[in-house]
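Peer 1: My questions will all concern the structure given below.
Residue numbers (my numbering): 11 to 323.
So this is what it looks like as structure tokens:
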């Protein structure tokens, strides 16, 4: 306003708008503090997104909150959402496209042992899955094994083909890193893909005295956690990324898995990192909850389902 009317005194302008000079100066000071605080917050966001490029805002808030407290910045999660939205930094998700499971084969398929199972410690249940990585030379395939209790990726391997070698390499890593602290026998759960049903893979599980469990249908809900971990890595760590070659992809994947295990907090394990949860002797609390948008979608699905059932009566 003073730039628009340079010849009008500040006292006169304040009188016209019904504010005191003190209130004007306080507003100026507060705006300056807010600008500085927002710049610091965006700096923290950039720092963490260097390691986890598309980490969601809720997880991001828990990552930067200690830094906010150190600098005396008061900012709630909704304010962070608004700040990131203003700067175009909110995350948009993408759907997976490449099929990595071939369950139409003659090899033996095992029953699902995970129904109604209660997990209360590490190394009681491992889940496995395969996802794809893009390179200029074609697709590469990432095999992952995750501990259900701690959410830690205990085994991973990138392979240029969908042969069982990549899955076996990930399994060998998981077995070699096993702590063997559980009183319960370990279960390995996967889909019915030909890699997991292969003689070599089954033999490796049996030698390690690991029980074998497989999904009974093509539904992703039967192996939901493995699908979820795949989604986190693809959507948050290397979104829309096409690597130059297999070697570059492998190097970056190793770094991404390390950051997933040691940097990214999970609401399902008391906002700890998977590494910390894997080492913790405390009972882990689930702190995730359904948010308004998710509740709205759920209610819409229930309404459609109820309407369909009433029409079929």
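All C-beta atoms in this analysis are idealised placements derived from N, C-alpha and C, irrespective of residue type, glycine included.
(1) Using only the alpha-carbon positions, how far apart do residue 111 and residue 174 sit?
(2) When burial is assigned at 16 or more other CB atoms within 10 Å of the CB, is residue 139 buried or exposed?
(3) Is residue 169 helix, strand or coil by DSSP?
(4) According to DSSP, simplified to helix, strand and coil, what is residue 164?
(5) Could you check how far apart the C-beta atoms of residue 143 and residue 135 are, in whole angstroms? I think they sit under 8 Å.
(6) Please say whether residue 147 and residue 255 have beta carbons closer to each other than 7 Å?
(7) What would DSSP say about residue 157, mapped onto helix, strand or coil?
(8) Between residue 150 and residue 259, which are expected to be in contact by the criterion C-beta below 8 Å, what is the C-beta distance as a whole number of angstroms?
(9) On the DSSP bridge assignment, give the partners of residue 145 in chain order.
(10) What did DSSP end up calling residue 62 once you bin it into helix, strand or coil?
(11) For my contact list, residue 233 and residue 128 are in at a C-beta cut-off of 8 Å; report their separation, rounded to the angstrom.
(12) What are the start and end residues of the alpha helix (DSSP H) that includes residue 9?
(13) What are the boundary residues of the beta strand (DSSP E) that residue 200 is part of?
(14) Per DSSP, residue 221 forms a beta bridge with which residues?
Peer 2: A quick look at the data gives this:
(1) For the purposes of this step, residue 111 is taken as the residue at position 101 of the chain shown. For the purposes of this step, residue 174 is taken as the residue at position 164 of the chain shown. With a pLDDT of only 49 at residue 111, under the threshold of 50, the placement of this residue in the model should not be trusted; the figure read from the coordinates follows. Going by the C-alpha atoms only, they are around 12 Å apart.
(2) Within the chain shown, residue 139 is the residue found at index 129, counting from 1. The residue is buried, with at least 16 neighbouring Cβ atoms inside 10 Å.
(3) Here residue 169 refers to the residue found at position 159 of the chain shown. Reduced to three states, the DSSP call for residue 169 is strand.
(4) Residue 164 sits at position 154 when you count from the first residue of the chain shown. Note: residue 164 maps to strand in three-state DSSP.
(5) For the purposes of this step, residue 143 is taken as residue 133 along the chain shown, with counting starting at 1. For the purposes of this step, residue 135 is taken as residue 125 along the chain shown, with counting starting at 1. About 26 Å separates the two Cβ atoms, so there is no contact after all.
(6) Taking the chain shown and counting its residues from 1, the one referred to as residue 255 is at position 245. Taking the chain shown and counting its residues from 1, the one referred to as residue 147 is at position 137. A contact, by the Cβ cut-off of 7 Å.
(7) Counted from its first residue, the chain shown places residue 157 at position 147. In the structure shown, residue 157 sits in a strand (DSSP, three-state: E or B).
(8) Here residue 150 refers to the residue found at position 140 of the chain shown. Here residue 259 refers to the residue found at position 249 of the chain shown. Correct: roughly 5 Å between the Cβ atoms.
(9) Along the chain shown, read from residue 1 onward, the residue named residue 145 stands at position 135. Answer is 148 and 253.
(10) Within the chain shown, residue 62 is the residue found at index 52, counting from 1. Of the three classes helix, strand and coil, the one that applies to residue 62 here is coil, per DSSP.
(11) Taking the first residue of the chain shown as position 1, residue 233 is located at position 223. Taking the first residue of the chain shown as position 1, residue 128 is located at position 118. The pair is not a contact, with the Cβ atoms about 18 Å apart (cut-off 8 Å).
(12) The displayed coordinates of the chain run from 11 to 323. Any statement about residue 9 would go beyond what the structure contains.
(13) One-based indexing of the chain shown puts residue 200 at position 190. Unbroken beta strand (DSSP E) run through residue 200: 197-200.
(14) Taking the chain shown and counting its residues from 1, the one referred to as residue 221 is at position 211. Bridge partners of residue 221: 197.
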